[in-house]
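Sequence order for the protein chains is A and B. Position 256 (the first sequence) corresponds to 256 in the working numbering; numbering is contiguous. Position 160 (the second sequence) corresponds to 160 in the working numbering; numbering is contiguous. Where a beta carbon is used, it is the ideal one built from N, C-alpha and C, also for glycine. This structure is a prediction, so every number in the text was calculated from the model and none was measured.
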Amino acid sequence: MSTSKARLRGADIPASSITPREVATGRRRFLQASGIGLTGMGGAALGLLPAGEAFAAESPGTGLAKLAATRNAQYVVTDKPTDIKDVTTYNNFYEFGTDKSDPARRASTLKPRPWQVAIEGEVKQPKIYDLDALLKLAPLEERIYRMRCVEGWSMVIPWVGYSLSALIKQVQPTGNARYVEFVTLADPKQMPGLSYPVLSWPYVEGLRMDEAMHPLSLLTFGLYGEVLPNQNGAPVRMVVPWKYGFKSAKSIVKIRFVEKMPQTSWNRAASNEYGFYSNVNPEVDHPRWSQATERRIGDGGIFTPKRKTLMFNGYADQVASLYQGMDLRKFF
Amino acid sequence: MSNARDGSRSANRPNRWVPWAKVVVFLLALAPLLRLVVYGLTDQLGANPVEFITRSTGTWTLVMLCITLAVTPVRRVTGMSWLLRFRRMLGLFACFYAALHFATYFWLDQWFDWASILRDVTGKRPFITVGFVAFVLMALLAITSPHAVMRRLGGRRWQRLHRAIYAIAVLSILHYWWMKAGKNDLAEPLIYAIVVTGLLGARVIWALRRPLRRQS
Chain A
1 MSTSKARLRG
11 ADIPASSITP
21 REVATGRRRF
31 LQASGIGLTG
41 MGGAALGLLP
51 AGEAFAAESP
61 GTGLAKLAAT
71 RNAQYVVTDK
81 PTDIKDVTTY
91 NNFYEFGTDK
101 SDPARRASTL
111 KPRPWQVAIE
121 GEVKQPKIYD
131 LDALLKLAPL
141 EERIYRMRCV
151 EGWSMVIPWV
161 GYSLSALIKQ
171 VQPTGNARYV
181 EFVTLADPKQ
191 MPGLSYPVLS
201 WPYVEGLRMD
211 EAMHPLSLLT
221 FGLYGEVLPN
231 QNGAPVRMVV
241 PWKYGFKSAK
251 SIVKIRFVEK
261 MPQTSWNRAA
271 SNEYGFYSNV
281 NPEVDHPRWS
291 QATERRIGDG
301 GIFTPKRKTL
311 MFNGYADQVA
321 SLYQGMDLRK
331 FF
Chain B
1 MSNARDGSRS
11 ANRPNRWVPW
21 AKVVVFLLAL
31 APLLRLVVYG
41 LTDQLGANPV
51 EFITRSTGTW
61 TLVMLCITLA
71 VTPVRRVTGM
81 SWLLRFRRML
91 GLFACFYAAL
101 HFATYFWLDQ
111 WFDWASILRD
121 VTGKRPFITV
131 GFVAFVLMAL
141 LAITSPHAVM
151 RRLGGRRWQR
161 LHRAIYAIAV
171 LSILHYWWMK
181 AGKNDLAEPL
191 IYAIVVTGLL
201 GARVIWALRR
211 PLRRQS
């Protein structure tokens, strides 16, 4: 296994895996100069970039609009990033169907612009943010996180976003706010999967306040240097890397600050299988399968054995203290 | 089932083209495996190839099982008794894909983690328990499929044993159903369930009718 807790600090990242500063900054200058950062024709710009110009992990991209961001070396795992094709074609996003190939095939009906996110509940500044306002709220960072699905597979994805805490600080939750609830868009016109009552729509997820404030909790707008593809939760989603993937709500339209633990969609569907916390934990099996190992997507061939799952998905150094004194078998 | 009666009739009128047709059916039945090999060599198995192989071999087990179960009703309805001569090969192909399916599970998926496999098979994952039972039964039928074994067992005992195919069909559907139930996504297993219900239901209806006919 090439991963260790220390890696996250970025102390021993091989220089070869980091985009050179001049390339990164040159790219940003280019994007700013041409004014295509977010809304422009990113795909057209691709052909103009000098050869060897690399967005995160040398991805050829998908032709979506570029999203300029500075890599935050503090949050870069050195595992090999998953191929962008796999990241964008193998998704769980039940609003577009339950098969993992459904979202990529069917999510073109989603309109990620214009988009608004409502901040509600126990906050001093309830507000409806326009997507552009949200994008400008804090500097965008690129972070390479591990992503572990509850189904036993994992990826490594270069996300673009900023810590959710930046938004939380701005809207100032009241003393009553103990949890944050995320609500996903539920528009049957844009989301064909909603016609099947697989889950109770809209999709709801939640975090405890201290989890939401943790710097790792990323309010995410892009991946691989581009805006989020629809199937990955465009235009704004959460990424909580030490929890199973389903904890990270996609296509968020509402963020509510609440006093009581939110009733999340999966917890409601099968409370014995999906707890509120759903921290990645190799020692606590899913009732129907082991969580001890995982299949890293794109890692070797079919004869590559699964790898061992790390406690808190390898982020134990950062987040274990959040759960001190809690019985993680009970609060799974 | 009344293969003895029809078997003797077809024996009197040998269809000389049947051996050739068997070669064609054999090659057709290998096509799903060939497809997997080609996909594997050309990197077309998707983001999670092991999952793809597992699902593909599982699907083809079910398809072969349904085709095998269709032989008797189709023969009965159409009177094409030469169909019977394909039944064993089709059944063996069902077992072949089931074996690939099981091998994918214990090799590529579980990587010979026998402790974990034992937990799955003994009830940690009931859908695997059910699938495993179906596979063991299927293997038993495959082993006893040669004529020599049939002779040694005696026709009646052999036939009684091979009626386990009905249980295998039901267990296979249940296996697929439970696997998909986690996602509340039962459209596909429902199709197979309807087909198998039809194929087994026809037998039940004929079995119920037979004594009535004798009375009249």
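Q. Going along the chain, which residues of the region 65-92 of chain A sit with their C-beta nearer than 7 Å to a C-beta in chain B?
A. Asp86, Thr89, Tyr90
Q: Quick one: which unbroken alpha helix (DSSP H) runs of 4-plus residues sit fully inside the region 177-259 of chain A? Chain order, please.
A: 209-213
Q. Residues of chain A with a CB under 9 Å from the CB of isoleucine 53/B: which are they?
A. Ile302
(Q) On the DSSP letters alone, give me the boundaries of the alpha helix (DSSP H) that threonine 78/B sits inside. (A) 49-78
Q. Pick from Leu84/B, Ile67/B, Thr68/B: whose alpha carbon is nearest that of arginine 75/B?
A. Leu84/B
Q | the region 114-143 of chain B: positions lying closer than 7 Å to chain A by Cβ | A | Ser116, Arg125
Q | Bridge partner(s) assigned by DSSP for aspartate 130/A | A | Gln116/A
**Q.** Cα-Cα separation, tyrosine 176/B to lysine 127/A
**A.** 47 Å
Q) Between the C-alpha atoms of tyrosine 277/A and threonine 109/A, what's the straight-line distance to the nearest angstrom? A) 32 Å
Q | C-beta contact flag for alanine 164/B and leucine 141/B at 8 Å | A | yes
(Q) Rounded to whole angstroms, what is the Cα-Cα separation between tryptophan 266/A and methionine 213/A? (A) 22 Å
(Q) Taking the alpha-carbon of leucine 67/A as reference, which of Lys85/A, Leu223/A, Arg268/A has the nearest alpha-carbon? (A) Leu223/A
Q: Pull up the distance between the alpha-carbon of proline 19/B and that of methionine 150/B, whole angstroms please.
A: 21 Å
Q: Run the proximity test for proline 103/A: is its beta-carbon closer than 7 Å to any non-hydrogen atom belonging to the ligand FAD?
A: Of ligands this structure carries none, so the ligand FAD is not represented either.
(Q) Count Cβ pairs between the region 295-314 of chain A and the region 47-62 of chain B that sit closer than 8 Å; are there 3 or more? (A) yes
(Q) What does the alpha-carbon distance come out to for the pair aspartate 317/A and aspartate 327/A? (A) 18 Å
Q | Where histidine 147/B falls, given that 16 or more other Cβ within 10 Å makes a residue buried | A | exposed
Q | Straight-line Cα distance separating arginine 148/A from valine 123/A | A | 32 Å
Q) Between Arg237/A, Ser200/A, Pro305/A, which lies nearest to alanine 270/A when the distance is taken from Cα to Cα? A) Ser200/A
Q) How would you list, in chain order, the residues of chain A whose beta-carbon sits under 7 Å from the beta-carbon of asparagine 184/B? A) Val198
Q | Neighbour flag for tryptophan 177/B against chain A, beta carbons, 8 Å | A | no
Q: Can you grab the Cα-Cα spacing for the pair isoleucine 84/A / valine 156/A, in whole Å?
A: 10 Å
Q) Got a sec: which bits of the region 297-324 of chain A sit with their beta carbon under 8 Å from any beta carbon on chain B, in order along the chain? A) Ile297, Gly298, Gly301, Ile302, Phe303, Pro305, Lys306
Q | Boundaries of the beta strand (DSSP E) in which threonine 293/A is found, first to last residue | A | 293-296
**Q.** Three-way DSSP call (helix, strand, coil) for alanine 57/A in this model
**A.** Residue placement at alanine 57/A cannot be trusted, given a pLDDT of 45 that sits under 50; what the coordinates show is reported in the next sentence. Residue state, collapsed to three classes: helix.
Q: State the Cα-Cα distance for the pair glycine 193/A and serine 145/B, rounded to the nearest angstrom.
A: 46 Å
Q: Could you tell me the distance, in whole angstroms, from the CA atom of methionine 41/A to the CA atom of leucine 64/A?
A: Legend: pLDDT at methionine 41/A = 40, less than 50; position of this residue unreliable, value from coordinates given subsequently. Going by the C-alpha atoms only, they are around 8 Å apart.
(Q) Please report whether the beta-carbon of asparagine 15/B lies at a distance below 8 Å from any beta-carbon of chain A. (A) no
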